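Student: First to last, the protein sequences are chains G and C.
First residue of the first sequence? That's -4 in the numbering used here, and the numbers climb one at a time after it.
First residue of the second sequence? That's 253 in the numbering used here, and the numbers climb one at a time after it.
Even for Gly, the Cβ is constructed at its ideal location relative to N, Cα and C.
As the structure is a computational prediction, the values presented were derived from the model and not from experiment.
Provided herewith is a single structure, encoded as structure tokens, for subsequent inquiry.
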Amino acid sequence: MRVTSRQHQFDALVRAHNGDLYRYAYWLCGDPALAQDLTQETLLRAWRSLDALRETDAAKAWLITILRREHARLYERKSFDTTDIGELELDDRDSLTPEQLGEDSIVRAAMLQLEPKYREPLLLQVLGGFSCEEIARELGLGSAAVMTQLFRARQKLKSLLGAGRVEASA
Amino acid sequence: MNCLEYRRQLGSDPRHESAEMLEHRRGCAGCAAHHARALGFELALKRALAVPVPDGLAERILLSQTTSERSLRLRRRQRWGWSAAAAAVFAAVTLVVIQFAPATPLSRQLVVHLQHESEALLTHTPLPATEIEERFRRRGVRLMAAPPAGVSYAQLCPVGPIASVHMVMPENEGPVTVFFLVHHKGRRGDHVDKGMYVRTVPMAEGTLALVAADPRRFDTLEASWRNSLEGSPAVAAGTP
Chain G
-4 MRVTSRQHQF
6 DALVRAHNGD
16 LYRYAYWLCG
26 DPALAQDLTQ
36 ETLLRAWRSL
46 DALRETDAAK
56 AWLITILRRE
66 HARLYERKSF
76 DTTDIGELEL
86 DDRDSLTPEQ
96 LGEDSIVRAA
106 MLQLEPKYRE
116 PLLLQVLGGF
126 SCEEIARELG
136 LGSAAVMTQL
146 FRARQKLKSL
156 LGAGRVEASA
Chain C
253 MNCLEYRRQL
263 GSDPRHESAE
273 MLEHRRGCAG
283 CAAHHARALG
293 FELALKRALA
303 VPVPDGLAER
313 ILLSQTTSER
323 SLRLRRRQRW
333 GWSAAAAAVF
343 AAVTLVVIQF
353 APATPLSRQL
363 VVHLQHESEA
373 LLTHTPLPAT
383 EIEERFRRRG
393 VRLMAAPPAG
403 VSYAQLCPVG
413 PIASVHMVMP
423 ENEGPVTVFF
433 LVHHKGRRGD
443 HVDKGMYVRT
453 VPMAEGTLAL
463 VAADPRRFDT
473 LEASWRNSLE
483 GSPAVAAGTP
């Protein structure tokens, strides 16, 4: 079967961004299975409108926009139970110390407790690597508002964690 | 820049420090310590957010995409196949209709038409020749001689798809209906349909059809109409 350049482009897009999209989706919905579905649906939608992607540099933001829309659509269709902190999995990462693994699980639990309006800009910044201006564009807010939300997001997260403990272990 | 401004900006985006912020941090031990703690927090946060990606996620997505793409292509091909089959059936049916529609005997069409206009048979008053000539003219036919006498009805009618001049001649043996089918190229023939006698004769630029319950006057009328439509043999031969 002849592989088209469009297919090549899509392969590259999937391999380059599936991880970031999955993580972003996971932190949006807090559910690994749902995050996989969201990632897949996002990339399949991207395939259908791949011709709209003109610049490689814009790919990540473009995909995140699709993902956010998909997530919003999902919430329009059905409502989900809130995530039980006790159900959050600890990741099996050999390189980390037991203390770090424990700390990660606490940060994750706190992250899921954060209100979406604070969690989302924080995810875009920390996971996506977007600047405040880019986040503002993505969320349809002003830069100053985004900066305030990011500052408050960290403050709230620290207070949820008991900031001193996290900072000390880092 | 004071400490409050520095910490607010750092709290918004710890990865980026402007020149002004850097200058403040270098001169402020408290903010330098705060900066170090903030970076530590960012590292912990980034590590925690980097949840492991399920094994084979990219491959599963690509498999799903190529599979759905393939089935879409297959569906399109099938749809095209169905469309082609439907078009072929339609073409075949159309061909059959076109080819066999004339197989509905002309005699049947003439008899049916006559039945639909049966009131025409009740007319007895002969029409002036000019009126009959006018009907033919309107069909684009010029009579070579005066029409036979005794036509009591003359109308422009379609017989199926064929344009005609529909006439009635009340003869002693009973009324004879005469059709001149303009530009119709039929064969000569005598038929009986639904108890009516039908004669078709190629004549001039069409076909003359005679329909009656009694065919005894057919020969005479055929000759008369040939004279009207084609002229006498002398005229037809160009003899003065």
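In the DSSP output, which residue or residues are listed as bridge partners for ALA461(C)?
Tutor: ALA461(C) is bridged to PHE431(C) and THR452(C).
Student: Looking at the unbroken beta strand (DSSP E) that takes in GLU423(C), where does it start and where does it end?
Tutor: First-last of the beta strand (DSSP E) with GLU423(C): 414 to 423.
Student: Just the C-alpha distance for PHE293(C) and ASP15(G), rounded to the nearest angstrom, thanks.
Tutor: Each residue's Cα considered, the two are about 20 Å apart.
Student: Taking three-plus beta-carbon pairs below 8 Å as touching, is the region 48 to 59 of chain G in contact with the region 21 to 30 of chain G?
Tutor: These segments do not touch.
Student: So, with DSSP's three-state summary, where would you put PRO111(G)?
Tutor: Here PRO111(G) sits in helix by DSSP.
Student: In or out: GLN266(C) buried (at least 16 other Cβ within 10 Å) or exposed?
Tutor: The residue asked about is misnamed: residue 266(C) is Pro in this sequence, not Gln. Label assigned to PRO266(C): buried.
Student: Quick one: does MET253(C) have its CB under 7 Å from some CB of chain G?
Tutor: Judged by the 7 Å Cβ criterion, MET253(C) is not in contact with chain G.
Student: Assuming contact is defined by CB atoms lying nearer than 7 Å, are VAL444(C) and ALA415(C) in contact in what I supplied?
Tutor: No. Outside cutoff.
Student: Which residues, taken in chain order from the region 20 to 48 of chain G, show a beta carbon closer than 8 Å to some beta carbon of chain C?
Tutor: Within the region 20 to 48 of chain G, the residues whose Cβ lies closer than 8 Å to some Cβ of chain C are TYR21, TRP22, PRO27, GLN31, THR34, GLN35, LEU38, LEU39 and TRP42, listed in chain order.
Student: Let's test the definition: count the other Cβ atoms within 10 Å of the Cβ of ALA290(C) and tell me whether it reaches 16, buried, or not, exposed.
Tutor: That one is buried.
Student: If distances are taken between C-alpha atoms only, which option among CYS280(C), PHE432(C), ILE313(C) and ARG440(C) comes closest to VAL9(G)?
Tutor: Ranking CYS280(C), PHE432(C), ILE313(C) and ARG440(C) by Cα distance to VAL9(G) puts ILE313(C) first.
Student: List, in order along the chain, the chain C residues whose C-beta lies closer than 9 Å to that of PHE5(G)?
Tutor: The answer, in chain order, is LEU314 and GLN317.
Student: Taking the alpha-carbon positions, what's the LEU481(C) to THR382(C) distance?
Tutor: Near 14 Å, if we compare the C-alpha coordinates of THR382(C) and LEU481(C).
Student: Nearest chain G C-beta to SER309(C) closer than 7 Å, yes or no?
Tutor: Sequence inspection shows Leu at residue 309(C); the Ser mentioned does not correspond to that position. True, the Cβ-Cβ gap to chain G drops below 7 Å.
Student: From GLY441(C) to GLU371(C), what does the alpha carbon distance come to, in whole angstroms?
Tutor: Taking the straight line from one Cα to the other gives about 27 Å.
Student: Identify, in the order they occur along the chain, each residue of the same chain with its Cβ nearer than 8 Å to the Cβ of GLU272(C), setting aside the five sequence neighbours on each side.
Tutor: For GLU272(C), where only same-chain residues beyond five positions count, the Cβ hits under 8 Å are MET253.
Student: Short check: CB of LEU155(G) to CB of SER264(C), under 7 Å?
Tutor: The answer is no: Cβ separation not under 7 Å.
Student: From what residue to what residue does the alpha helix (DSSP H) around CYS496(C) run?
Tutor: A query on residue 496(C) cannot be resolved here, the shown segment of chain C reaching from 253 to 492 and no further.
Student: Along chain C, which residues have their Cβ under 8 Å away from the Cβ of GLN150(G)?
Tutor: The answer, in chain order, is GLY263.
Student: Between LEU326(C) and chain G, is there a C-beta pair that is closer than 7 Å?
Tutor: Answer no: the Cβ-Cβ gap between LEU326(C) and chain G never drops below 7 Å.
Student: Leaving out five residues before and five after CYS127(G) in sequence, what residues of the same chain have Cβ atoms less than 6 Å from its Cβ?
Tutor: Here the set comprises SER138, VAL141 and MET142.
Student: Is DSSP giving VAL393(C) helix, strand or coil here?
Tutor: It is coil, neither helix nor strand.
Student: For VAL341(C), count neighbouring Cβ atoms within 10 angstroms of its own Cβ and tell me buried if that reaches 16, exposed if not.
Tutor: Counting Cβ neighbours within 10 Å, VAL341(C) comes out exposed, since fewer than 16 surround it.
Student: Considering only C-alpha positions, which residue in the set ARG299(C), HIS365(C) and SER484(C) is nearest to PRO410(C)?
Tutor: The candidate whose alpha carbon is nearest that of PRO410(C) is HIS365(C).
Student: Tell me the residue span of the beta strand (DSSP E) that contains GLY572(C).
Tutor: Outside the displayed range of chain C (253 to 492) lies residue 572(C), so it cannot be described from this structure.
Student: For PRO380(C), tell me which candidate among PRO400(C), LEU373(C), SER320(C) and ARG394(C) has the shortest Cα-Cα distance.
Tutor: When only C-alpha atoms are compared, the closest one is PRO400(C).
Student: My output table needs one value for VAL444(C): the three-state DSSP class, helix, strand or coil.
Tutor: Here VAL444(C) sits in strand by DSSP.
Student: May I have the straight-line CA-CA distance separating GLU82(G) from ARG331(C), to the nearest angstrom?
Tutor: With a pLDDT of only 38 at GLU82(G), under the threshold of 50, the placement of this residue in the model should not be trusted, and no figure is reported.
Student: Listing by chain order, which chain C residues have their CB less than 8 Å from the CB of LEU98(G)?
Tutor: It should be pointed out that residue 98(G) corresponds to Glu in this sequence rather than to Leu. Under the 8 Å cutoff, chain C gives ALA296 and ALA300.
Student: Compare the C-beta of ARG278(C) with all C-beta atoms of chain G and state if any pair is closer than 7 Å.
Tutor: Answer no: the Cβ-Cβ gap between ARG278(C) and chain G never drops below 7 Å.
Student: Is it the case that the Cβ atoms of MET419(C) and TYR405(C) are separated by a distance below 7 Å?
Tutor: Yes, these two residues count as a Cβ contact at 7 Å.
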